[in-house]
Every structure is written in structure tokens, then in C-alpha cells.
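Structure record follows, encoded as C-alpha cells.
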Amino acid sequence: MATESVASRGPAKRAQKDWTLPSNSSPNPQLYLYNSLTRRKDLFVPNNGNIVKWYICGPTVYDSSHMGHARAYLSMDILRRVMTSYFGYDVQYIMNITDIDDKIIKRARQRHLLTKYLDPSNEPSVEKIIKDIVSALEAFKKKFESETDADKKKMYEGMITKVDASAQLLEKALQSKDKTKVENAKGALLNDARDVLSDWLDSQFGSAVNDHSVFDNLAKTYEGEFLADMARLNVLPADVVTRVSEYIPEIVAYVEKIIKNGYGYPTSDGSVYFDTKAFESNPKHFYAKLVPEAYGDTESLEKNMREGEGELSMTADRLQQKRNVSDFALWKASKEGEPFWDSPWGKGRPGWHIECSVMSTAVCGPKLDIHAGGFDLKFPHHDNEIAQVEAYYDDPHWVNYFIHCGTLRIAGMKMSKSLKNFITIREALKQYSARQLRLLFLMHNWTDVLDYSASTMERAMQFEKISNEFFLLVKDILRRHYKPDCPQGYLKFGARELEIIEEFSRIRREIHAALCDSVDTRTTIEKLRELIGIGNSYIVEKEKEEAVPNCLLLRKIASYITDLFAVFGVISKSGDIGFPMESCVIGTFYFGNENKSGLFEDYLTKLRKRKKKLYSIGLERNIHRILGDLQVAQVCALHFGHSCKNGWLVEILKDKPRLLLYRMAYKCPEREKHEFRCRTARASCEKLAADVLARIWELAQQRSAKLNKQYFCSSICTHLAEKVEQNKATRLIAEKDKGKKYRTALWMSDIEDIDVYEREDAQAKQQRRLEFGQKNKYGYTVYTSHNRMSNGRIRKGNMDDQTYEYVWT
1 MATESVASRG
11 PAKRAQKDWT
21 LPSNSSPNPQ
31 LYLYNSLTRR
41 KDLFVPNNGN
51 IVKWYICGPT
61 VYDSSHMGHA
71 RAYLSMDILR
81 RVMTSYFGYD
91 VQYIMNITDI
101 DDKIIKRARQ
111 RHLLTKYLDP
121 SNEPSVEKII
131 KDIVSALEAF
141 KKKFESETDA
151 DKKKMYEGMI
161 TKVDASAQLL
171 EKALQSKDKT
181 KVENAKGALL
191 NDARDVLSDW
201 LDSQFGSAVN
211 DHSVFDNLAK
221 TYEGEFLADM
231 ARLNVLPADV
241 VTRVSEYIPE
251 IVAYVEKIIK
261 NGYGYPTSDG
271 SVYFDTKAFE
281 SNPKHFYAKL
291 VPEAYGDTES
301 LEKNMREGEG
311 ELSMTADRLQ
321 QKRNVSDFAL
331 WKASKEGEPF
341 WDSPWGKGRP
351 GWHIECSVMS
361 TAVCGPKLDI
371 HAGGFDLKFP
381 HHDNEIAQVE
391 AYYDDPHWVN
401 YFIHCGTLRI
411 AGMKMSKSLK
421 NFITIREALK
431 QYSARQLRLL
441 FLMHNWTDVL
451 DYSASTMERA
461 MQFEKISNEF
471 FLLVKDILRR
481 HYKPDCPQGY
491 LKFGARELEI
501 IEEFSRIRRE
511 IHAALCDSVD
521 TRTTIEKLRE
531 LIGIGNSYIV
541 EKEKEEAVPN
551 CLLLRKIASY
561 ITDLFAVFGV
571 ISKSGDIGFP
581 MESCVIGTFY
591 FGNENKSGLF
601 EDYLTKLRKR
611 KKKLYSIGLE
621 RNIHRILGDL
631 QVAQVCALHF
641 GHSCKNGWLV
651 EILKDKPRLL
661 LYRMAYKCPE
671 REKHEFRCRT
681 ARASCEKLAA
691 DVLARIWELA
701 QQRSAKLNKQ
711 YFCSSICTHL
721 AEKVEQNKAT
731 RLIAEKDKGK
741 KYRTALWMSD
751 IEDIDVYERE
761 DAQAKQQRRL
771 EFGQKNKYGY
781 TVYTSHNRMS
791 NGRIRKGNMD
801 DQTYEYVWT
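Here full-length UniProt numbering is used: position 106 in the sequence shown is 106, and no number is missing along the way.
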């Protein structure tokens with residue numbers, strides 16, 4: 001029975017074979033960050049799992065943001081994006097705004113007093129102006145003589161020379177007794193002496209300015225300008241923004257505890273100072289952790305102290321109140337003409353260093369993962385921050401990683417007003433796009449000295465160009481040969497494709513290693529350049545073989561580069577390959593921020609499919625003529641990308657029209673006026689380009705070999721230059737419509753070179769001449785080279801009761 005029972009059960013089941021854990025011969029590299037506390041690259045380990053608490057010192061908002069600010073905040077934005085989007089950390093990013101500071105107080109008073117002095121309702125006489133400026137110059141010369149900084153001294157000398165020259169011109173004008181000359185000379189003197197005069201007015205009447213709104217308004221104005229500049233640079237907004245003026249109670253309480261712990265002391269004038277000697281004497285504390293060599297260097301200490309304490313707080317009587325030379329203010333007693341808040345020590349305001357210690361711990365608590373800022377903030381600001389927090393908690397550990405971005409040079413030189421190379425962010429953005437500036441920063445590591453110059457920007461623009469051309473080429477190949485639901489788009493991976501896959505994998509590993517190596521973006525960009533070169537070489541090889549490239553391979557490479565650009569903030573991730581288009585209206589087509597490129601490409605694909613029908617009705621030669629002309633309009637006005645494949649046009653809408661448009665406008669003396677005209681021409685050309693494409697199909701539908709005169713006369717292009725290739729010049733014509741508004745029309749001086757009228761007989765040509773000024777259905781006025789022209793220029797004239805005015809673009 002037992003035997004039968006076993007047999008009935010069938011064969012025994014086989015046991016599952018043991019599995020062996022694979023061994024990884026190439027372990028994944030870990031993230032290291034350059035740490036200013038150790039002056040080496042340290043393994044990054046957050047305090048709490050995946051959460052990274054990150055504080056960055058924000059701007060002191062008393063003036064316009066400059067490229068030095070861009071160096072700090074754009075570099076840290078790239079670092080933050082990589083930590084978040086690439087490494088996957090949950091970053092909590094906090095930034096402060098310093099809206100209480102000696103620089104803000106003085107600048108606000110100066111502007112307020114100068115505005116009041118120049119009030120038209122109480123304008124001083126010429127004699128009083130001269131007298132006041134003479135007094136101001138005498139005081140300013142004393143400031144010049146006592147200045148030790150060579151750059152500032154040079155700047156002061158230039159200011160004095162300029163004011164002296166303007167004063168002499170005013171004296172000559174007064175002698176001539178010509179009222180017009182006197183007024184002009186007076187205006188020039190006041191303009192040249194603004195800084196000198198406002199400084200003197202502040203010394204005379206600054207103590208009388210007690211309205212807090214004077215200081216608040218200046219800070220709010222420049223805070224708004226800073227935030228707008230950051231948005232233009234595509235810098236992500238902070239998760240939390242703190243302002244000093246909003247944390248006064250917390251600052252007072254913080255200072256009280258530092259005093260209680262034995263590291264601070266009040267003075268007779270109502271100020272409170274940090275006792276560096278008491279802090280240093282405690283065995284568990286160490287003052288000046290970031291720059292220990294600065295502590296004890298009297299000359300360096302005094303120089304840095306002047307910057308850290310502020311000009312209004314470095315008076316002789318206040319210096320005598322300090323116990324030690326290295327002690328710094330936690331709370332400053334306010335004098336007349338300075339904003340103040342109540343405290344246990346009297347009316348005053350916070351010191352510069354205490355604000356960041358208080359606000360960072362108020363938001364992040366007693367431990368901070370990353371503290372960031374500019375290189376120039378290491379000492380004394382950040383060293384004093386560390387001392388304050390450690391004194392408050394009586395704990396020697398606060399920040400784990402202090403990171404400082406490298407300095408910025410302008411064409412190899414320090415940025416300085418005295419050197420006349422001081423560049424604001426807005427000035428830089430007039431010449432280059434935010435994308436180009438970000439690429440420049442990516443081509444330098446965040447710890448490097450960054451040189452901002454025409455040559456370095458040219459390198460950034462060249463990389464942008466080769467990247468975009470690769471994207472356009474890949475998108476064109478995918479549009480022609482790849483459909484997700486079509487088997488023909490999935491080609492076999494041959495030996496060459498497998499070789500490229502290996503090279504692609506190698507480059508990805510090297511890029512990952514570079515990003516783990518303290519976010520080495522410089523190496524990353526060079527590896528991307530190498531990858532683009534591999535992709536371009538592969539496409540050229542296939543073209544020579546007259547074979548279709550492997551679309552999946554190219555899409556994978558282009559998507560990877562696009563994803564990295566999105567991580568770096570070069571582009572906004574849209575799910576498409578390459579640089580996205582900006583929001584714009586082209587003809588009847590609206591391209592919003594979502595997948596604009598795809599909409600336009602679909603439209604062009606439909607046109608491509610109809611080319612056989614266009615050829616069949618005898619329009620082949622003329623269509624190519626039109627498309628060739630449209631190319632000029634696209635490249636120079638719309639900044640369209642253009643390439644030809646087998647004689648057919650491939651267009652992809654691109655970025656802002658900066659290639660030629662702005663370079664020309666930047667050199668124009670009347671820049672603002674010129675920029676407006678360029679923008680007007682661009683707007684006209686955008687609509688015109690789309691209308692031309694639409695009309696191509698309409699012509700085909702007419703099934704007529706006879707050309708539509710109005711269409712060809714309105715399908716002209718613009719080049720936005722006085723001298724252009726192929727002798728094609730462009731003109732912008734503003735048509736005044738009954739004195740209410742202007743409409744624009746474009747024409748091409750060499751219209752006969754297009755040879756669009758080749759098929760017309762003499763009678764048709766004569767009829768065309770009579771149609772000058774006639775409008776087509778798109779609202780463009782028809783012009784030809786046979787009416788009211790000389791050397792390609794429209795003369796002022798009247799036709800059909802409408803006035804046409806020639807305007808240079």
C-alpha cells in the first residue's frame with residue numbers, strides 16, 4: 001500500500017537552484033563636496049536621512065544686482081538643482097534678505113536728501129549750488145586723501161576731476177550771461193556731482209532723516225529688482241525667504257542668551273559686542289574656523305572689520321567701547337538719522353553677522369547641513385556666524401559643510417566701478433541670453449575663478465550652437481523616419497550602433513563620476529561635447545552610406561543630453577528633445593510653453609507630405625525660391641533653424657532672435673529706439689513667415705501654374721542688416737492708418753532676383769505695376785521694385801490716399 005501511495009504522487013519536485021549574489025567590480029561613486037571647513041572634498045552625509053537643510057546668505061539690497069551676485073546665486077542654483085534632480089536629495093533651501101544695514105541707511109539718506117535738494121518747487125540758485133558743491137568737494141578730497149584702497153582712490157580721483165571740469169564750464173557760462181548755456185552747464189554739473197553732493201548732504205543733514213519709510217522703500221525697491229533678476233536668470237526661488245526686519249524679536253532674544261552664556265557684553269552707549277577672547281579661551285570652541293590665519297593679523301582684521309561692521313559703526317568712540325580689536329557688534333546703538341528698534345540695551349538695530357545666525361536656526365534648528373555664500377564672505381562674516389551659533393547653543397558643531405563659490409573676473413580683472421567694468425545683471429542680459437550665461441557658468445566649476453569676457457561668452461555660445469544643431473538634426477531624422485507605432489522606425493542595432501552604445505555608456509559613467517566629484521560641471525560639459533561629436537559623426541556616416549540612422553539610438557542620446565540640460569536649469573523639462581521654444585504667436589498659430597516645437601513640426605510635416613502635389617502643378621522652381629528667401633527671414637528675424645534635405649526645407653522654431661538682431665542693436669548709438677524697431681520687425685516677420693507657409697498649400701490647392709502676384713509680393717523676408725549677403729536688403733515700412741495706429745509691411749528690394757514673375761507675360765507685368773499699394777487677404781500691402789523706388793529704398797509717397805514712410809530697421 002505504501003508503494004502504491006508513493007507512486008500515485010508522481011515524480012518528486014525539483015528544488016530551486018541556489019542563487020548567487022552578483023559582484024560589482026565597479027562600485028557606484030558617492031557624492032563628495034568641497035568643504036571650506038576642511039579645505040578638501042568630503043563625503044556628503046546629511047544629518048537626517050535624505051533631507052538637506054541648506055542656508056545661503058542673500059543680498060544686501062541697497063543697489064542693483066551685478067555679475068558678482070550672478071556668480072554666487074546662479075552657481076548655487078546649479079548646485080542645488082543637481083543635488084535635487086540628479087542625486088535625489090530633499091533640499092530645503094533658505095535665503096535671507098539683508099534689509100537693515102549701514103549701506104542701506106546711507107544710500108537711502110543720500111537719495112532722499114538729494115531729491116529734496118533738487119526739488120523744482122524749492123530749487124536752489126546757481127550761486128548756492130556752486131557754493132555747496134565747493135564745500136562738498138573739499139570734504140570729498142579729505143575722504144580721497146585718507147582712502148587706502150587703490151581702486152577706490154582711483155575712482156574718487158576721477159570723480160573729483162569730473163566735477164572740477166563741470167564747475168569750470170558753469171563759471172564760463174555765467175560769465176557769458178547766456179541763460180541757455182547757464183542752465184545746460186548747471187544741469188551737467190549737478191549730474192556729474194551727484195555722488196559728491198549727496199555724500200556731503202548726508203554728512204550735513206543725514207541725522208535729520210528719521211522716517212523709517214525712507215530706508216524701507218529703498219530696500220524693497222532693490223529686493224524686487226534682485227528677485228526679478230534671479231527670475232530672468234532662471235534661478236529657482238528659495239523655499240523660504242527671511243528678512244532681517246521681520247526677525248527683530250528673535251535677534252534680541254538670541255543676543256540676550258549669548259550674553260547670558262558669557263560670550264557677549266553690552267557697552268555704555270547701548271551696543272552689544274561679541275567677546276572673541278572669551279569664546280577662544282573656551283577649549284571646546286575655536287574662533288575663525290574658516291580662515292584661522294586671519295585671526296591675529298591686525299592689518300587684515302581692521303580691513304575686514306570695516307566691511308563687516310559698516311561705515312556708520314566704525315567711529316572712534318565706538319571702537320573704544322570694545323574690549324578686544326577682534327570683537328564685533330551683535331547689536332548697534334542707533335544714532336539720529338538711523339532706523340531703530342527697542343531692546344533691553346536701548347534703541348538700536350542688529351549687527352550684520354547676527355542676522356544669519358538667528359534666521360538660519362529659527363528655520364532650520366540647531367544643525368545645518370550646508371551653508372553657502374560668496375568667497376568674500378568667509379571672514380569675518382561666516383566665521384562670526386559660526387561663533388555666534390556655537391556661543392548660543394554652547395555646542396562646537398553647527399554646520400557640516402560650508403561651501404563658497406569662486407570669484408568673478410571681468411576680462412581677467414577685478415570688477416570695479418573705478419575700472420569701468422562694473423556690469424549689472426540687466427546689462428549682461430541685454431547682450432546675452434540667460435541660457436548662454438548659465439552655460440558659461442557650467443563651463444566653470446563652482447569653486448573656480450570665473451572669467452566673464454567676450455571670448456568666454458563666445459565659447460558658451462558656440463557650445464549652445466553645436467548642441468542646438470545636434471538637437472535639430474536628430475528631431476528632423478525622428479520626424480522623417482520614426483513613429484512609435486511603425487515597425488520601420490525600429491532598426492536593428494548593428495556593429496556600429498553597438499559600438500556607439502558602449503561609448504555612450506562610458507561617457508555616462510564619466511559624467512556621473514564628475515558630478516560625484518563635487519559637482520564637476522566643467523568636465524560634464526566637455527563629455528557632452530564629446531557625445532554630441534559621436535552622434536554627429538554617426539549621422540554623417542549614415543548619410544554617406546545613404547542609409548537611415550538608428551532612430552532609437554539617436555533619440556536616447558539626445559534625450560540624455562536634454563535631461564542633463566534640464567537638471568542644470570539650461571532648459572525647462574518639457575518631454576521634448578532639445579531647447580524648447582519660447583511662448584509666441586506666429587501667424588494664426590499660438591505656441592504656448594507646452595510642446596510648441598511639436599505643434600510646429602507637425603505643421604511642417606504636413607507640408608512635406610504635400611510637396612509632390614506642389615511639384616506636379618509646376619511650382620517646383622518658384623517654391624524653392626520662396627523657401628530660400630524665407631530662410632533668411634527665419635535665421636535673422638525669427639532665428640529659425642534651417643537645414644535642407646533633398647531640396648526640401650526643414651524648419652524648427654528656435655530661441656530668441658539674438659544672433660544678428662541684438663548684436664547690431666547693441667552697437668547702435670540710439671540703442672533703445674533701434675531695439676524697438678527690431679522688435680517691431682520681428683513681430684511682423686513672425687506673422688509673415690507662418691502666412692507664407694500657409695499660402696504654399698493654398699497655391700497648390702488652386703492647381704494653377706499661374707503665380708499669385710499678391711502672395712509673392714507679400715512673401716518677402718527681412719535680414720535686419722544694412723549690408724547682407726546676396727545683395728538682399730530688408731526694409732521696415734510703417735503704414736500710418738488714419739493717424740491712429742501703425743501696421744507693418746515688409747518688402748524685398750531684390751524681388752526681381754527671385755524670378756517669381758518668369759511665367760507671366762508682358763500684359764500681366766503691366767497689370768502688376770498698377771497694383772502697387774493693394775492689400776492682400778493677410779493685411780500686407782503689396783510693393784514691387786517698379787514703383788517709387790531708388791536703389792532699393794522706398795520714397796515717401798501717396799497712393800490710394802495712404803501715406804507710406806520709409807524707416808530703417
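Beta carbons are placed, not taken as given, at the ideal position from N, Cα and C, and that holds for glycine.
If you scan the stretch 301-329 from start to end, which runs of the alpha helix (DSSP H) of 4 or more residues do you find wholly inside it? The qualifying runs are 316-321.
With distances taken Cα to Cα, identify the nearest neighbour of E338 among K303, I571, E502, R107. For E338, the nearest C-alpha among the options comes from R107.
Tell me the rounded alpha-carbon separation between C516 and K465. Taking the straight line joining both Cα atoms gives about 27 Å.
Alpha helix (DSSP H) runs wholly inside the stretch 459-546, at least 4 long, in chain order: Runs of the alpha helix (DSSP H) inside the stretch 459-546: 495-516, 521-544.
Find out if the Cβ-Cβ distance for the pair Y388, I354 is shorter than 8 Å. First, the amino acid is wrong: residue 388 is Gln here, not Tyr. Going by C-beta atoms, Q388 is nearer than 8 Å to I354.
Residues bridged to D90 [DSSP beta-bridge criterion]: According to DSSP, which records beta bridges pairwise, D90 is partnered with I51.
Sort out for me which residues DSSP pairs T98 with in a bridge. T98 is bridged by DSSP to T60.
With contact counted as at least three CB pairs below 8 Å, one residue from each stretch, are the stretch 23-35 and the stretch 394-412 in contact? Touching, yes, given that three or more Cβ pairs across the two stretches are closer than 8 Å.
Using C-beta distances below 8 Å, list every residue in its chain close to L74, excluding the 5 sequence neighbours before and after it, in chain order. Cβ contact annotation for L74 (same chain, cutoff 8 Å, sequence separation greater than five): L233, V235, L437, R438, F441, in chain order.
Helix, strand or coil: which one does DSSP assign to H444? Coil at H444, not helix or strand.
So, for F568: in the same chain, excluding its five sequence neighbours on each side, which residues have a beta-carbon less than 8 Å away from its beta-carbon? Short of 8 Å from the beta carbon of F568, and not among the five residues preceding or following it, lie these beta carbons of its own chain, in chain order: I78, R81, V82, R438, L442, T521.
Could you check the C-alpha separation between L330 and G270 for me, to the nearest Å? Between L330 and G270, the C-alpha separation is close to 11 Å.
Does Y295 come out as helix, strand or coil in the three-state DSSP assignment? Note: Y295 maps to coil in three-state DSSP.
Kindly confirm or deny that the stretch 51-69 and the stretch 424-431 touch, where touching means at least three C-beta pairs closer than 8 Å. Verdict: yes, contact present.
Would you list, in sequence order, the uninterrupted beta strand (DSSP E) runs of no fewer than 3 residues that lie entirely inside the stretch 145-226? Taken in chain order, the complete beta strand (DSSP E) segments of 3 or more residues contained in the stretch 145-226 number zero; there are none.
What does the alpha-carbon distance come out to for the pair R323 and E147? Cα to Cα, the separation comes out at about 26 Å.
Proximity to K556 [Cα-Cα], best of V449, K475, E546: Closest by alpha carbon: K475.
Could you have a look at L437 and say whether DSSP puts it in helix, strand or coil? In the structure shown, L437 sits in a helix (DSSP, three-state: H, G or I).
Test item: CB-CB of E503 and N550 under 8 Å: No, they are not a contact pair.
Can you give me the start and stop residues for the beta strand (DSSP E) that V389 sits inside? For V389, there is no enclosing beta strand (DSSP E); the residue is part of the alpha helix (DSSP H) that begins and ends at 383-393.
What residue range does the alpha helix (DSSP H) around K556 cover? Per DSSP, K556 belongs to the alpha helix (DSSP H) from 551-568.
Check this for me: beta carbons of F463 and R529, under 8 Å apart or not? Contact annotation: F463 and R529 have beta-carbon atoms nearer than 8 Å.
What are the start and end residues of the beta strand (DSSP E) that includes R349? For R349, the uninterrupted beta strand (DSSP E) segment begins and ends at 348-350.
Out of T98, L190, K162, which has the shortest C-alpha to C-alpha gap to C57? Of T98, L190, K162, the smallest CA-CA separation from C57 is found for T98.
My guess is that Y392 and K257 are in contact by the Cβ rule of under 8 Å, so how many angstroms apart are they, rounded? Distance from Y392 to K257 at the Cβ level is roughly 6 Å; contact confirmed, criterion being Cβ atoms closer than 8 Å.
Specify the secondary structure class of P283 as computed by DSSP and reduced to three states. Here P283 sits in coil by DSSP.
Suppose contacts are defined by Cβ-Cβ distances below 8 Å. Is D102 in contact with G308 by that definition? The answer is no: Cβ separation not under 8 Å.
For L408, name the three-state secondary structure that DSSP assigns. Here L408 sits in strand by DSSP.
So does the stretch 165-173 actually touch the stretch 187-205, counting three or more Cβ pairs closer than 8 Å? In short, these stretches touch, since the Cβ pair count reaches three.
How big is the Cα-Cα spacing for C678 and Y538? Confidence at C678 is low in this model, with a pLDDT of 47, below 50, so its placement is unreliable and no value can be given for it.
N261 to D395 span [Cα, whole Å]: Rounded to the nearest angstrom, the two C-alpha atoms are 11 Å apart.
Please report how far the alpha carbon of E499 lies from the alpha carbon of I532, in whole angstroms. Cα to Cα, E499 sits roughly 15 Å from I532.
N-terminal and C-terminal residue of the beta strand (DSSP E) that D269 is part of: Taken as a continuous stretch (DSSP letters only), D269 belongs to no beta strand (DSSP E), as it is neither H nor E.
Taking buried to mean at least 16 other C-beta atoms within 10 Å of its own C-beta, is A12 buried or exposed? Exposed.
Using 10 angstroms around the beta-carbon of S198, count the other beta-carbons present and answer buried if the total reaches 16, otherwise exposed. The residue is buried, with at least 16 neighbouring Cβ atoms inside 10 Å.
Presumed contact (8 Å Cβ cut-off) between V255 and G264, rounded CB distance: Correct: roughly 6 Å between the Cβ atoms.
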